[in-house]
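**Student:**
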Amino acid sequence: MDAGYRCSDTDSLESPSSRTRPSRPPISAARRLCLLLVTAACLAVCGCASQGAGVKQAFGKTLQAVGLKQGEAQSGELPIRLYAGDNLNTGDDGRAAALVVRVYQLRNAKRFNEAAFDVFLDERREHDVLGDDLVSVTEFLLTPGKRHEVLEALADDGNRVGVVALFRAPAPTRWRFTFDTGQTNAEGITVGLHGCAMTTASAGLITKLSTPPHSLSSSRCGPLGR
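Numbering (my numbering), first residue to last: 746 to 971.
1. Could you give the first and the last residue of the continuous beta strand (DSSP E) run that contains residue 880?
2. Which first and last residues belong to the beta strand (DSSP E) in which residue 857 is found?
3. Which full runs of the beta strand (DSSP E) of 3+ residues lie inside the segment 928-956, going along the chain?
4. What residue from 856, 939 and 876 has the CA that sits closest to residue 731's CA?
5. With three or more beta-carbon pairs closer than 8 angstroms as the criterion, would you say the segment 857-876 touches the segment 829-842?
6. With distance defined between alpha-carbon atoms, name the residue in 912, 946 and 882 nearest to residue 930.
7. Using a Cβ-Cβ cut-off of 7 angstroms (strictly less than) and excluding sequence neighbours within five positions of residue 928, which residues of its own chain qualify?
8. For residue 835, count the other beta carbons within 10 Å of its own beta carbon; 16 or more makes it buried, fewer makes it exposed. Which is it?
9. Could you compute how far the alpha carbon of residue 915 sits from the alpha carbon of residue 952?
10. Are there 16 or more other CB atoms within 10 angstroms of the CB of residue 840, so buried, or fewer, so exposed?
11. Considering only the alpha carbon of each residue, which of 941, 968 and 969 lies closest to residue 962?
12. Kindly indicate which three-state DSSP category residue 969 falls into: helix, strand or coil?
Pasting the structure below:
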């Protein structure tokens, strides 16, 4: 089965994140106008969703981002928070830059965990390598000091969630995290994004690290290549 690939060109809660139209009670005229504006903006900036279910889920994230939907997780939803530091994607040159972050739903994480960093720089190669393990992938664009919060609707067969940050100078082992959705708690997943590495204190992390996942100690940036 082909994986749904959804796009999100946003860097904060104030921006529309994706597309989907869940059922909800009637809304006021003011909110209806706001919804129409959000819809138009979303269609202008993020035009990729390959499955109807993906479109529905994505637009729900847009409603949440502008306050038209309660942000509380329901059954089958996983809260995901991406917090960007002021030094986002600096590498060793000290220059902060925007960062592409991808959230993957996976049936199995083996191929995902074994894939080299370069695999994730090429969408076609990524799909070839991950194959049927890939359920869906959502892409976010973060800017320094901003945050992004979404409710990820979990597929029945998506028992792993992977997060990849395409740093310019990625620190080894700190550009990719994998979580077991069966072990995450109601707080969901929170990931901090820094100069060249990610941090997390969330339950369910199954990525093996030599240092505590919430700490940047001993994390060293790789060569600046992007």
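All C-beta atoms, glycine included, are put in the ideal place defined by N, C-alpha and C.
Quick caveat: nothing in here was measured; it's all calculated off a predicted structure.
**Tutor:** Looking at the atomic coordinates:
1. What you label residue 880 is simply residue 135 of the sequence shown in a count that begins at 1. Run containing residue 880: 879-887, per the beta strand (DSSP E) assignment.
2. For the purposes of this step, residue 857 is taken as the residue at position 112 of the sequence shown. Run containing residue 857: none in the beta strand (DSSP E); it sits in the alpha helix (DSSP H), 855-859.
3. 934-938
4. An answer regarding residue 731 cannot be provided, because it is not within the stretch 746 to 971 covered by the chain.
5. no
6. Here the question's residue 930 lines up with position 185 in the sequence shown. When each option's Cα is compared against that of residue 930, the closest is 946.
7. Looking up residue 928 in the sequence shown gives position 183. Only 948 and 949 meet the Cβ criterion.
8. Here the question's residue 835 lines up with position 90 in the sequence shown. Counting Cβ neighbours within 10 Å, residue 835 comes out buried, since at least 16 surround it.
9. Sequence index remark: in the sequence shown, residue 915 carries index 170 (1-based). Sequence index remark: in the sequence shown, residue 952 carries index 207 (1-based). For residue 915 and residue 952, the distance between alpha carbons rounds to 16 angstroms.
10. Sequence index remark: in the sequence shown, residue 840 carries index 95 (1-based). Classification for residue 840: exposed.
11. To locate residue 962, count along the sequence shown from 1; it is residue 217. Cα-wise, what sits closest to residue 962 is 941.
12. What you label residue 969 is simply residue 224 of the sequence shown in a count that begins at 1. Coil at residue 969, not helix or strand.
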